[in-house]
Amino acid sequence: MVRILVLKYLNNLSDEQLEYQLLDCMSYQRFCLPTIPDRNTIWLYQQRLGVDGVTALLQAVNGQLLAHGYLARCGQIIDATLVPAPIQRFTKEDKEQLAQGKTPED
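Each residue of the sequence shown is one higher than the one before, counting from 59 in the numbering used here.
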């Protein structure tokens, strides 16, 4: 649950968004290990810790990251997929035909 709260605060996610990301994103699932709780469980755990508990928890995690030379920054989730596109190479004749409104044979 600590890992889940870290993900929630680093990515600025609501409980509902976090549940969706845990079910959708394999990297979140690997980071959080085998248990994927629902939004109510996340909310209850956070309420049990309270504001002071969550703050202390995140400060401890931040301290460990800084000790290893890392800096945690809050951010946004960006999903990008790169798709290779075919490269088209036109000869001078092909370009001339295209300029005239014709279609090259090949």
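The beta carbon of each residue, even a glycine, is placed where N, CA and C say it ideally should be.
- In chain order, R97, I100 and W101 place their CB closer than 6 angstroms to the CB of D73, counting only its own chain and leaving out the 5 sequence neighbours on each side.
- Of all alpha-carbon atoms in I62, P162, L140 and A143, the one lying nearest the alpha-carbon of P92 is that of I62.
- Between the alpha carbons of A157 and T149 lies a distance of about 12 angstroms.
- Residue ranges of uninterrupted alpha helix (DSSP H) with 4 or more members, entirely inside the stretch 76-118 and ordered along the chain, are 84-90.
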